[in-house]
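Just so you know, we're using UniProt numbering here: the sequence shown kicks off at 1 and counts up by one.
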Amino acid sequence: MKPDFSKMNGLLTTVVVDVNTKAVLMVAWMNEESFQKTLASGETWFWSRSRKELWHKGATSGNTQQVVSMTLDCDGDTLLVAVDPKGPACHTGRYSCFFNPIEIMKEGNANDTAES
């Protein structure tokens, strides 16, 4: 199966996970060119929607991501990339971009939060 770049203005939602811990490190977008660069280089490349340019993860920080595997979803428009990270994934210096918990109220008790 090949990625379907005809949807979402030519972008694939790309979920990046640590191959060892299985933690979700980040979500980014790939266009066809960044996808091909990722395949050719063995490191992640993405499309920056805000800067409207390609970016090689870790090019300036040194925190590259070695690709171990890539898997498409059933529709061919979302990519799961397992990587061996060479440093933090987040531009804040954190291991993962997902570190901001949201409180979820349990039904009937506004003071309780769901356990994660």
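Each residue gets a CB set at the ideal place from its N, CA and C atoms; glycine is no exception. Just so we're clear, the structure is a prediction, and the values are computed from it rather than from any experiment.
Output yes or no for whether 8 angstroms exceeds the beta carbon distance between S34 and W47.
-> Numbered from 1 along the sequence shown, position 34 holds the residue referred to as residue 34. Numbered from 1 along the sequence shown, position 47 holds the residue referred to as residue 47. Against a cut-off of 8 angstroms, the Cβ pair of W47 and S34 comes out as a contact.
Could you say which of M30, K106, T92, V16 lies nearest to V68 if we only look at CA atoms?
-> For this step, residue 68 is matched to residue 68 along the sequence shown. Residue V16 is the option with its Cα nearest to V68.
So which of R49, S41, N100, A28 has the shortest CA-CA distance to Q66?
-> Numbered from 1 along the sequence shown, position 66 holds the residue referred to as residue 66. Ranking R49, S41, N100, A28 by Cα distance to Q66 puts S41 first.
List the whole-angstrom C-beta distance separating T44 from V83, where the pair is believed to meet the contact cut-off of C-beta under 8 angstroms.
-> Looking up residue 44 in the sequence shown gives position 44. Looking up residue 83 in the sequence shown gives position 83. T44 to V83, Cβ: 6 angstroms. Contact.
Nearest neighbour of R94, chosen from L72, V24, P3 [CA to CA] = Locating residue 94 in the sequence shown gives position 94, where the first residue counts as 1. The residue with the shortest Cα to Cα distance from R94 is V24.
Pairwise C-alpha distance: E107 and L72 | Position 72 of the sequence shown, counted from the start, is the residue given in the question as residue 72. Position 107 of the sequence shown, counted from the start, is the residue given in the question as residue 107. So the alpha carbons of these two residues sit roughly 36 angstroms apart.
When DSSP labels each residue in this structure, what does M70 get in the three-state scheme?
-> Position 70 of the sequence shown, counted from the first residue, corresponds to residue 70. Strand at M70.
Boundaries (first-last residue) of the beta strand (DSSP E) holding residue 118 | Missing from the structure shown is residue 118; the chain here goes from 1 to 116 and no further.
Pull up the DSSP beta-bridge partners for S96, would you.
-> Residue mapping note: residue 96 aligns to position 96 of the sequence shown, counting from 1. Looking at the DSSP assignment, S96 forms no beta bridge with any residue, so it has no partner.
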